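Participant: For the protein sequence lines, the chains are S and P, in the order given. To get my numbering, take the position in the first sequence, counting from 1, and add 12. To get my numbering, take the position in the second sequence, counting from 1, and add 830. Ideal Cβ positions, reconstructed from N, Cα and C, are used throughout, including at glycine. From a predicted model like this one, the values you see are computed outputs, not experimental measurements. A single structure is presented below for examination.
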Amino acid sequence: MFCHVGLGRAYRRSYEFFLSDVITSSGAKKRFYNIFRVEGFLGYPLRVLVEKFKDSSIHMYKYGGRQYYIFPEKFYSLFISISKLIYTLDKYYRKDVEKIFNHIDRVIKLCRDVDQCVNALLKEISAVETLCIKRVMRGRRGLTTRFERGMERCRDVVERFFPDLLNPYIYRYEGFEELEEFMRRFFGDRVARSYRRFAEIHSPILVARDGIILLTENRQPLDSFSIYVDDCSVTSSYAIVKIVGVEMLNGYVNRVKWVALLGIDLYTKQLFLHYVSPTLILRRAELCRLWVLGLVDDFGKPLYEDDLTLIET
Amino acid sequence: MGKPRKVYRQGDLLLVEEEGVDLRYAMKEGEVLEIVSENGNTHRLKSSVYTIHGRRYVVVESPSILTHPQHPELVIEPGIYRVEFVRDYALNRSID
Chain S
13 MFCHVGLGRA YRRSYEFFLS DVITSSGAKK RFYNIFRVEG FLGYPLRVLV EKFKDSSIHM
73 YKYGGRQYYI FPEKFYSLFI SISKLIYTLD KYYRKDVEKI FNHIDRVIKL CRDVDQCVNA
133 LLKEISAVET LCIKRVMRGR RGLTTRFERG MERCRDVVER FFPDLLNPYI YRYEGFEELE
193 EFMRRFFGDR VARSYRRFAE IHSPILVARD GIILLTENRQ PLDSFSIYVD DCSVTSSYAI
253 VKIVGVEMLN GYVNRVKWVA LLGIDLYTKQ LFLHYVSPTL ILRRAELCRL WVLGLVDDFG
313 KPLYEDDLTL IET
Chain P
831 MGKPRKVYRQ GDLLLVEEEG VDLRYAMKEG EVLEIVSENG NTHRLKSSVY TIHGRRYVVV
891 ESPSILTHPQ HPELVIEPGI YRVEFVRDYA LNRSID
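Take a look at the structure:
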């Protein structure tokens with residue numbers, strides 16, 4: 013087996029890497045690929061490797077705007093490892109290509125021979141993955157702490173205006189048809205259908221109609237599901253709480269299922285619940301309310317350039 | 831700086847002030863805006879109601895009162911307003 017590495021003229025443009033039985037350009041031209049082939053955009057790191065081990069290349073050819081270098085089979089692990097490192101760094105640096113390339117440059121500079129280089133790359137992959145996991149865990153811990161504090165801060169508002177939220181009625185359903193039928197008792201057809209579609213992805217979900225009901229599939233355990241109150245606001249005409257439905261893992265937030273605004277109109281004494289864009293997860297309840305009113309976009313930026321005067325009852 | 835754009839809200843109904851809307855080719859719906867809310871009550875405003883490009887506008891010639899049995903009345907200043915409703919991520923578009 014031979015490793016064919018094809019690099020575009022503009023080396024950053026793209027690359028192709030595959031294993032082939034043949035050493036000649038038929039590998040690329042007649043597509044004599046074997047087992048493995050990968051094509052990507054971050055060609056630069058492979059170029060750095062090829063430059064480093066150019067002396068070990070046993071053949072080269074040009075095809076389709078790319079320069080192909082052929083290496084013996086023992087280079088396979090090396091190229092696979094660099095691909096994995098690119099993937100891991102892509103996550104770590106959140107697609108910042110310059111940082112990815114600089115990091116790879118640093119690692120490859122330390123390479124002396126193929127085996128030592130493979131080891132160095134594997135070690136680096138493991139180190140970066142550990143950093144990614146630590147970062148994720150830090151985020152989960154931070155989010156959980158924030159939600160717990162929000163819950164404490166807004167406990168009075170919840171107990172006064174939304175006591176049902178602390179212990180909602182749970183409706184379990186077998187299938188989504190049953191759920192839609194149940195929802196038709198409270199809402200029109202279109203709203204019932206929309207809630208069904210939303211529940212298909214985000215279940216368990218809340219609905220508010222006179223009281224607060226948690227809807228969940230029969231086979232779905234609720235042990236790992238929690239509802240947090242992140243923020244609240246009370247005025248003379250309404251009381252609102254921003255609530256977040258989350259899936260917990262090992263005591264920390266693992267996945268955010270939805271973000272919503274639960275409120276009560278103090279004139280009509282009517283409860284309302286509006287799901288808001290999940291991009292507003294870290295925003296204040298009042299800003300979520302402006303999103304519901306269509307005055308800000310999904311990131312909380314005003315939708316209108318000019319100043320607004322909101323007059324409401 | 832121009833004068834701020836007025837946005838009126840009564841329950842789920844919003845009236846957003848619009849300037850420079852050409853309603854010459856809009857379809858006139860009537861002289862009263864009537865919107866039935868989910869609980870069966872009606873938001874009512876005496877104004878010319880137009881529809882164009884799937885959007886509804888009201889033209890208020892003189893200060894008019896927006897009424898609803900469950901909400902306090904709201905005085906709407908003269909102007910052209912786009913009729914909007916509160917939105918909901920789960921329902922994917924405004925509730926109408």
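Provide the residue span of the beta strand (DSSP E) that contains A220 of chain S, from first to last.
Facilitator: Taking the first sequence and counting its residues from 1, one reaches residue 220 of chain S at position 208. Start and end: 217-221.
Participant: What residues are listed by DSSP as bridge partners for L1 of chain S?
Facilitator: The requested residue 1 of chain S is not part of the displayed model; chain S covers only 13 to 325.
Participant: Within 10 Å of its beta-carbon, does V333 of chain S have 16 or more other beta-carbons around it, so buried, or fewer, so exposed?
Facilitator: Absent from the model: residue 333 of chain S. The displayed extent of chain S is 13 to 325, so no value can be given.
Participant: Is G306 of chain S close to chain P, meaning its C-beta is less than 9 Å from at least one C-beta of that chain?
Facilitator: Here residue 306 of chain S refers to the residue found at position 294 when the first sequence is read from its first residue. Interface residue, yes.
Participant: Once you ignore the five residues that flank F113 of chain S on each side, which residues in its own chain have a CB closer than 6 Å to its CB?
Facilitator: Here residue 113 of chain S corresponds to residue number 101 of the first sequence, with the count starting at 1. Only Y56 meet the Cβ criterion.
Participant: Quick check on the DSSP output: the alpha helix (DSSP H) that includes F173 of chain S runs from which residue to which?
Facilitator: Residue mapping note: residue 173 of chain S aligns to position 161 of the first sequence, counting from 1. Per DSSP, F173 of chain S belongs to the alpha helix (DSSP H) from 167-173.
Participant: Please check if any C-beta of chain P sits within less than 9 Å of the C-beta of G200 of chain S.
Facilitator: Counted from its first residue, the first sequence places residue 200 of chain S at position 188. For G200 of chain S, the answer is yes, since a Cβ of chain P falls inside 9 Å of its Cβ.
Participant: Got a sec? Which residues, its chain only, sit under 6 Å from S924 of chain P by beta carbon, not counting five neighbours each side?
Facilitator: Walking along the second sequence from the start, residue 924 of chain P turns up at place 94. Note that S924 of chain P has pLDDT 44, beneath the 50 cutoff, so the model's placement of it is unreliable and the number below is only indicative. Cβ neighbours of S924 of chain P beyond the five flanking positions: F915, R917.
Participant: Can you tell which of S:G223, S:E192, S:P290, S:I94 has the C-alpha that lies nearest to the C-alpha of P180 of chain S?
Facilitator: Translated into the one-based positions of the first sequence, residue 180 of chain S becomes position 168. Comparing Cα-Cα distances from P180 of chain S to each of S:G223, S:E192, S:P290, S:I94, the minimum goes to S:G223.
Participant: Quick one, which of S:L90, S:S68, S:I239 has its alpha-carbon nearest L273 of chain S's?
Facilitator: Along the first sequence, one-based indexing puts residue 273 of chain S at 261. Out of S:L90, S:S68, S:I239, S:I239 has the C-alpha closest to the C-alpha of L273 of chain S.
Participant: What residues from the segment 896-908 of chain P come within 7 Å of chain S, judged by C-beta to C-beta, listed N to C?
Facilitator: Taking 7 Å as the Cβ-Cβ cut-off against chain S, the residues of the segment 896-908 of chain P that qualify are Q900, H901, P902, L904.
Participant: What is the C-beta distance between C166 of chain S and D117 of chain S, in whole angstroms, given that I count them as a contact (C-beta under 8 Å)?
Facilitator: What you label residue 166 of chain S is simply residue 154 of the first sequence in a count that begins at 1. What you label residue 117 of chain S is simply residue 105 of the first sequence in a count that begins at 1. The pair is not a contact, with the Cβ atoms about 50 Å apart (cut-off 8 Å).
Participant: Quick one: is G151 of chain S buried, meaning 16 or more other Cβ sit within 10 Å of its Cβ, or exposed?
Facilitator: Taking the first sequence and counting its residues from 1, the one referred to as residue 151 of chain S is at position 139. Exposed, by the Cβ-count rule.
Participant: Please classify E110 of chain S as buried or exposed, where buried requires at least 16 other C-beta atoms within 10 Å of its C-beta.
Facilitator: The residue given as residue 110 of chain S occupies position 98 in the first sequence. Burial call: exposed.
Participant: Cβ of G18 of chain S within 9 Å of Cβ of A40 of chain S?
Facilitator: The residue you call residue 18 of chain S lines up with position 6 of the first sequence. The residue you call residue 40 of chain S lines up with position 28 of the first sequence. Yes, the Cβ-Cβ distance between G18 of chain S and A40 of chain S is below 9 Å.
Participant: Going along the chain, which residues of its own chain have a beta-carbon closer than 7 Å to the beta-carbon of K96 of chain S, five neighbours each way excluded?
Facilitator: One-based indexing of the first sequence puts residue 96 of chain S at position 84. Same-chain partners within the cutoff: I137.
Participant: Which residue marks the beginning of the alpha helix (DSSP H) containing I907 of chain P, and which one marks its end?
Facilitator: The sequence position of residue 907 of chain P within the second sequence is 77, counting from 1. In the sequence as displayed, the identity of residue 907 of chain P is Glu instead of Ile. Here E907 of chain P belongs to no alpha helix (DSSP H), and DSSP marks it neither H nor E.
Participant: Let me make sure I understand the geometry here. Which of S:T228, S:E164, S:L307, S:D309 has the alpha-carbon closest to that of Y185 of chain S?
Facilitator: What you label residue 185 of chain S is simply residue 173 of the first sequence in a count that begins at 1. Considering only alpha carbons, the answer is S:T228.
Participant: Exposed or buried, D842 of chain P, counting other C-beta atoms within 10 Å across all chains shown (16 or more means buried)?
Facilitator: Residue mapping note: residue 842 of chain P aligns to position 12 of the second sequence, counting from 1. By the 10 Å Cβ count, D842 of chain P comes out buried.
Participant: Would you please state the rounded distance, in angstroms, between the beta carbons of I255 of chain S and V241 of chain S? I believe it to be under 8 Å.
Facilitator: Reading the first sequence from its first residue, position 243 is the one you call residue 255 of chain S. Reading the first sequence from its first residue, position 229 is the one you call residue 241 of chain S. Correct: roughly 6 Å between the Cβ atoms.
Participant: Taking the continuous beta strand (DSSP E) assigned at Y56 of chain S, which residues delimit it?
Facilitator: The residue labelled residue 56 of chain S in the question sits at position 44 within the first sequence. Where Y56 of chain S is concerned, there is no enclosing beta strand (DSSP E), although the alpha helix (DSSP H) it sits in stretches over 56-64.
Participant: Are N83 of chain S and C129 of chain S closer than 9 Å when you measure CB to CB?
Facilitator: Here residue 83 of chain S refers to the residue found at position 71 of the first sequence. Here residue 129 of chain S refers to the residue found at position 117 of the first sequence. This sequence places Phe at residue 83 of chain S; Asn is not what is there. No, Cβ-Cβ distance for F83 of chain S and C129 of chain S is not below 9 Å.
Participant: Looking only at its chain, what residues have a beta carbon closer than 6 Å to the beta carbon of R886 of chain P, apart from the 5 residues adjacent to it on each side?
Facilitator: As a first step, residue 886 of chain P must be located in the second sequence, where it is residue number 56. Only V913 meet the Cβ criterion.
Participant: Could you list which residues in chain S have their beta carbon closer than 7 Å to that of E848 of chain P, in chain order?
Facilitator: The count along the second sequence starts at 1 and reaches residue 848 of chain P at position 18. Residues of chain S passing the Cβ test: none, with the nearest at roughly 10 Å.
Participant: Which residue wins for smallest C-alpha separation from R231 of chain S, given the options S:G187, S:L58, S:M195, S:T247?
Facilitator: Sequence index remark: in the first sequence, residue 231 of chain S carries index 219 (1-based). Here the closest residue by C-alpha is S:G187.
Participant: Determine, using beta carbons only, whether E192 of chain S comes closer than 9 Å to chain P.
Facilitator: Numbered from its first residue, the first sequence carries residue 192 of chain S at position 180. No, no contact with chain P.
Participant: Using 10 angstroms around the beta-carbon of Y27 of chain S, count the other beta-carbons present and answer buried if the total reaches 16, otherwise exposed.
Facilitator: Locating residue 27 of chain S in the first sequence gives position 15, where the first residue counts as 1. Y27 of chain S is buried by the Cβ-count criterion.
Participant: I need the DSSP call for E226 of chain S, collapsed to helix, strand or coil.
Facilitator: Walking along the first sequence from the start, residue 226 of chain S turns up at place 214. Position check: residue 226 of chain S holds Leu in this sequence, whereas Glu was assumed. Strand.
Participant: Just tell me which of S:V304, S:E259, S:L278 has its CA closest to the CA of A251 of chain S.
Facilitator: As a working note, residue 251 of chain S is residue 239 in the first sequence. Nearest C-alpha to A251 of chain S: S:L278.
Participant: Excluding sequence positions up to five away, which residues of its chain have a Cβ less than 7 Å from the Cβ of V304 of chain S?
Facilitator: The residue you call residue 304 of chain S lines up with position 292 of the first sequence. If we look at V304 of chain S and ignore the five residues flanking it on each side, its Cβ neighbours are L273, H286, V288.
Participant: Can at least three beta-carbon pairs, one atom from the segment 872-891 of chain P and one from the segment 313-320 of chain S, be found at a separation below 8 Å?
Facilitator: Touching, no.
Participant: Consult DSSP for L977 of chain P and reduce its assignment to one of helix, strand or coil.
Facilitator: No information on residue 977 of chain P is available, as it lies outside the stretch 831 to 926 that chain P covers here.
Participant: Going along chain P, which residues have a C-beta under 9 Å from S289 of chain S?
Facilitator: Here residue 289 of chain S corresponds to residue number 277 of the first sequence, with the count starting at 1. Result: Y919.
Participant: Within 9 Å (strictly less), CB to CB, does Y240 of chain S reach chain P?
Facilitator: For the purposes of this step, residue 240 of chain S is taken as residue 228 along the first sequence, with counting starting at 1. No - not a single Cβ of chain P is within 9 Å of the one on Y240 of chain S.
Participant: Find out if the Cβ-Cβ distance for the pair R835 of chain P, T100 of chain S is shorter than 9 Å.
Facilitator: For the purposes of this step, residue 835 of chain P is identified with residue 5 of the second sequence, where counting begins at 1. For the purposes of this step, residue 100 of chain S is identified with residue 88 of the first sequence, where counting begins at 1. Going by C-beta atoms, R835 of chain P is not nearer than 9 Å to T100 of chain S.
Participant: From L30 of chain S to I92 of chain S, what does the alpha carbon distance come to, in whole angstroms?
Facilitator: Locating residue 30 of chain S in the first sequence gives position 18, where the first residue counts as 1. Locating residue 92 of chain S in the first sequence gives position 80, where the first residue counts as 1. In the sequence as presented, Leu is not what sits at residue 30 of chain S; that position holds Phe. Rounded to whole angstroms, F30 of chain S to I92 of chain S spans 10 Å at the Cα level.
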